[in-house]
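Below is one structure, written out as C-alpha cells; comments come after it.
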C-alpha cells in the first residue's frame, strides 16, 4: 500500500510555489520522492523560493514565468522537458485575491483576478497535457477554495474564478480521463501563512483579532490550519492511490463547509 502513495521518479510542477501553500505541497511531494519544479513571477521571487527549498534540504528547479502569458508558459514547459523531464504532476497553485466590495471593484481589477486564478490554470494545464498523454499518465491538481462553494463579502472576482476553476477541473477530467489523466481540486480552508498573520495577531488590548475569532468559531477544529496539513491530501491526489479519483474537489477546511457555526 505504501508504494501506491510514492512519487518516486515523478516530476512535479507547482506554480507559484516559492512559499506558502505551494511550498508546503511541494515539500510533501519531495518527501514522497518527487523532483520539484516551480515558477514565480520574478527572478527575485524565484531566488527566494530556491533559498527556501535549499534551507529545507529539497533540491528544486525554479523558473521565472507569468502563468497568464501563454507563450512564456509554453516556453517554460519546453525548457523543463529539456532540463528535467516531462511533467507528471501539475499543481495549479499560483493565484491572487483582491478584497474589494463588488460595486467598488473595476472591471480591470475583476479581469486581473480571473486572468491569474482561472485563465492561468487553463494555460498551464493545456501546456502540460500533451506530455502527459505522451507518457500515458498524468495528475493535475487545481487549488480551488471554499469560495468554489460559498460567497463572502468583498471577494466576488475570487469566488467567480474559483467556481470556474472547479468546473474546469471537472471538464479536464471529462475530456482527458481517457488518457489516464486525473484532474482533481483541493479546496483549502483558512491557512496560517505569512499573508494571514496580521489577521491572527493579538489586538492592543490582548483580545483576538475579530477575524481570528470568526474563523475559530466557524471551524469545528477551532483553529487555523497549517500549510503542511495540505501535504497528505495533495500526495494522495498526485499518487497512484488516487487513480480512480477524477473530477473531485477535496475540501481540506477543518470541517467549515459541514458546519453552521457556534451559537452566539
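Residue numbers (my numbering): 2 to 265. Where is the CB? At the ideal position from N, CA and C, for every residue including glycine.
Could you tell me whether the Cβ atoms of residue 130 and residue 141 are closer together than 9 Å?
Taking the first residue of the chain shown as 1, we reach residue 130 at position 129. Taking the first residue of the chain shown as 1, we reach residue 141 at position 140. Cβ distance < 9 Å, so residue 130 and residue 141 count as in contact.
Proximity below 9 Å, CB of residue 57 to CB of residue 119:
Within the chain shown, residue 57 is the residue found at index 56, counting from 1. Within the chain shown, residue 119 is the residue found at index 118, counting from 1. Taking 9 Å as the Cβ cut-off, residue 57 and residue 119 do not qualify as a contacting pair.
Measuring straight from C-alpha to C-alpha, what distance separates residue 202 and residue 228?
Within the chain shown, residue 202 is the residue found at index 201, counting from 1. Within the chain shown, residue 228 is the residue found at index 227, counting from 1. If you take the alpha carbons of residue 202 and residue 228, they lie about 18 Å apart.
Per DSSP, what kind of secondary structure is residue 16 in: helix, strand or coil?
Working through the chain shown from its first residue, we reach residue 16 at position 15. In this structure, residue 16 counts as strand in the three-state DSSP scheme.
Counting Cβ pairs, one atom from each stretch, are 3 or more of them under 8 Å apart for the stretch 237 to 247 and the stretch 151 to 168?
The stretch 237 to 247 vs the stretch 151 to 168: no contact.
Residues of its chain near residue 126, where Cβ-Cβ distance is below 7 Å and the 5 sequence neighbours each way are ignored
Counting from one through the chain shown, the residue named residue 126 turns up at place 125. Within the same chain, residue 126 has close Cβ partners 91, 93, 141, 173.
Can you tell me the Cα-Cα spacing of residue 212 and residue 137, whole angstroms?
Position 211 of the chain shown, counting from 1, holds the residue named residue 212. Position 136 of the chain shown, counting from 1, holds the residue named residue 137. Looking at the two C-alpha atoms, the distance is approximately 46 Å.
Check the DSSP bridge columns for residue 183 and list the partner residues they point to.
Position 182 of the chain shown, counting from 1, holds the residue named residue 183. In the DSSP output, where bridge partners are listed per residue, residue 183 has 140.
Boundaries of the beta strand (DSSP E) in which residue 273 is found, first to last residue
Because residue 273 is not part of the residues shown, which for the chain are 2 to 265, the question remains open.
For residue 11, is the classification buried or exposed, using 16 other Cβ atoms within 10 angstroms of its Cβ as the cut-off for buried?
For this step, residue 11 is matched to residue 10 along the chain shown. Classification of residue 11: buried, given that the 10 Å Cβ count is 16 or more.
Comparing alpha-carbon positions, which option in 254, 41, 132, 75 lies nearest residue 151?
If you number the chain shown from 1, residue 151 lands on position 150. Per the Cα distances, 254.
Report the three-state DSSP secondary structure of residue 86 (helix, strand or coil).
Position 85 of the chain shown, counting from 1, holds the residue named residue 86. It is coil, neither helix nor strand.
Quick check on the burial criterion: 16 or more other C-beta atoms within 10 angstroms. Buried or exposed for residue 196?
On the chain shown, position 195 is the one that residue 196 refers to. By the neighbour-count criterion, in which 16 or more other beta carbons inside 10 Å mark a residue as buried, residue 196 falls on the exposed side.
Residue burial classification, residue 66 (beta-carbon count within 10 angstroms, cutoff 16):
Counted from its first residue, the chain shown places residue 66 at position 65. Taking every protein chain shown into account, the CB of residue 66 has 16 or more other CB atoms within 10 angstroms, so this residue is buried.
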